[in-house]
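Residue 178 in the working numbering is what sits at position 160 of the sequence shown, and the numbering runs on without skipping anything.
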Amino acid sequence: MDKWIIKTIDDDIFTDREYWLDFLYNYHIHAIKKRGMSAAFLGLRRLGKTELFKRVYNMLFFNQDDVIPIFWTYEKKNLINPDFSKDYLENFLKQYFAFKNKDKYEEFLDTRFSALLDYGMEKGSKGIKTLIRRFVNQMKEGNENSMLTMAIEAPRTVTDYDEEPMIVLIDEFQEGFSIYNSDGKKANCIGSHQDAIDSRICPHIITGSTMTLILYDIVRKGPLFGRFSPVYIRGMEEYFAKELVYKWCKRYEIEVCQEMASELAVRCGGNPFYIEAVVKQAHIQGINLDNPEDLDKAHITDLTRGTIWRELEIQVQKFINQLNRQGIGKLILYHAARYETINSMTIEKIAAELKVSFNEVREMLSLMARADLLEESGIWGTLFYKIRDPIMNEFIQVWCEIEVEGKKANEAAFDKFEKYKKKADLLDSYIGQYNYYKGITVEIYILFMMTKWNFNELDGNRYFNIDQKVILPKFLYVDGCHVKYEDIGKAQVDLIGAKDFEQWFGECKYLKDRVGLDMVKEFVENKAEIAKKEFKRENTVLWFFSRSGFTPEAELYMKDRGVLYTNEEQLNELLTLFEVNTLPKELGNF
């Protein structure tokens, strides 16, 4: 950005997120029309929510004049009242006056608190003068609770008097519940925010983690229930995460190939923090990312003793130190890490192994979900899953090996290397290691394209080798994942698209030879059947992509069963239709 109030990451690194930037920026239109609603912008840690808020704030400050933007972060702030109240109000007044006087905004951003109060009483609006007068009176009386309420309600107070719309962006909102008065008693931050956010002309947009206190204590219950509209953000689309890999590699002068860029994007779950950390680790070690062995080295080293380890250990230790009731939290985390899904039977098994009650285990698992270590489904501890953060799940396993089993860090890292090597050896013997990584690259392109579908009607013969029109649904969910059904087994489904009553399952093969009948049957009669049990929809469409096409027997089998199938030429034409890059030509030359 050419001009900024709050420093952001360099433009040449910032990738994707245009949808969310537009979404947040357009909130000012709703405020102008007095129809704004406060929103909780929710997602796992380190997904770039703070960066989005900073960029949107800068855009709102310099690109429009109708809505006053205010930004506040609770991170690393003094949370002891009355100093907190003064800091919060000072931040509001600085940004308010800077926006109202853009020709000398830097001067106001450097103005001290007392001078801001004087300026406001001399030249401020009715709302500003009323706010300052009330706050100063309470400050003289030493009424800390009233000071807190007035500071937090400052934007709402001014908009009520002056009818000037504002947008308040608050980062790490859940940290605000740790505000204490000078006597050591906890301040009523929730009550203070209750009226502040309930304004159509002054919406508050907050960030926080999907599964921590911000979801349970703010969005779903308590005095702020119903006042925030939850907005969920996930990791970057892997299509763009791969581009971010290229950008960081260029910054650190590291060579990377298409296959490893795709693999790193998938391993990191589209999380920009993890991607940067692994690339930086490769730079530290002086290696490139143009082969699986070096990618494993950078990834596992950072996971076990680098930036990723330091960041995630803080999160886990915070849970252990604060919520480790009766000293069993570490052991329950250790046992929970062994399961993809934890249900009532699993809870009973863990409780028996640890010789504690069912309710003790269930309550601790719920607390882990609030600490972003698990994902909870249902009411208070009835069903749990691994969180949608592959690096965190890996970290928990390694951390438990070190902290519970007593392994040394180097030993745990060596075991991870061995697991990745065994996977590579298996891939070599089955489909060829590099064909596997090439397939991941193709999956990323196809999945991104599927997110762009919007009930398009296409010529079935031209793209899918079927004698009828094909309607491409607007999916609610697009991804690829492992599916498991207890009575049948488990399988990897490369492409999954699901909407209300319809689902698409896709298989993706990047092989030099044509796909034969056995491989098609494996997808249609095994993988797809398992997936149907897991993703229950009335209608299922099966789609098979093969770079080199199919044998006649395989094509006849698919035509008889209505399975859609596509080769590389057809896929590239389809990708072009939806303005997605065609498959990289160099994949075939590895």
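The beta-carbon is built from N, C-alpha and C at its ideal position, and this holds for glycine as well.
Remember, predicted model here, so these are calculated numbers, not experimental data.
### Query
Would you report the Cα separation of Gln521 and Lys487, rounded to the nearest angstrom?
17 Å
### DSSP state of Asn474 mapped onto helix, strand, coil
strand
### Query
Would you say the segment 326-340 touches the segment 364-384, given that touching needs at least three Cβ pairs under 8 Å?
no
#### Entry: Exposure label - Lys527; buried when at least 16 CB within 10 Å
buried
### Message
So, does the segment 296-304 touch the segment 382-395, judging by three or more C-beta pairs under 8 Å?
### Response
no
#### Entry: Three-state secondary structure (DSSP) of Phe553
coil
### Query
Do the CB positions of Leu39 and Leu70 come within less than 8 Å of each other?
yes
### Task
Within its chain, find whatever has a CB closer than 7 Å to the CB of Glu371; leave out the 5 residues flanking it on each side and keep chain order.
His353
### Own chain, CB closer than 6 Å to Tyr495, minus 5 neighbours either side, in chain order
Ala516
### Query
So what's Asp101 in DSSP terms, helix, strand or just coil?
helix
### Query
What is the rounded straight-line gap between the Cα of Thr167 and the Cα of Leu97?
14 Å
#### Entry: C-beta atoms of Asn453 and Leu535 nearer than 8 Å
no
### Task
Excluding the 5 residues preceding and the 5 following Tyr106 in the sequence, name in chain order all residues of the same chain whose CB lies nearer than 6 Å to its CB.
Ala169
### Query
Around the C-beta of Ala427, are 16 or more other C-beta atoms found within 10 angstroms, so that it is buried, or is it exposed?
exposed
### Query
How about Ile215 and Ser56: are their beta carbons less than 8 Å apart?
yes
### Outcome for Tyr37 when other beta-carbon atoms lying within 10 angstroms are tallied against a minimum of 16
exposed
### Query
How many whole angstroms separate the CB atoms of Phe191 and Thr225, which I take to be in contact at a CB cut-off of 8 Å?
6 Å
### Message
If I measure Cβ to Cβ from Gln156 and keep anything under 8 Å in the same chain, skipping five residues before and after, which residues do I get?
### Response
Ser164, Met165, Met168
### Separation of Tyr583 from Cys418, as counted between CA atoms
44 Å
### Query
Mapping DSSP to helix, strand and coil, what is Ser375?
coil
### Query
Are the segment 458-470 and the segment 569-580 touching by the rule of at least three beta carbon pairs closer than 8 Å?
no
### Message
For the alpha helix (DSSP H) containing Asp28, name the first residue and the last one.
### Response
No alpha helix (DSSP H) holds Asp28; DSSP gives it neither H nor E.
### Query
So Pro221 and His48 are in contact, right, with Cβ under 8 Å, and what is the actual spacing, rounded?
7 Å
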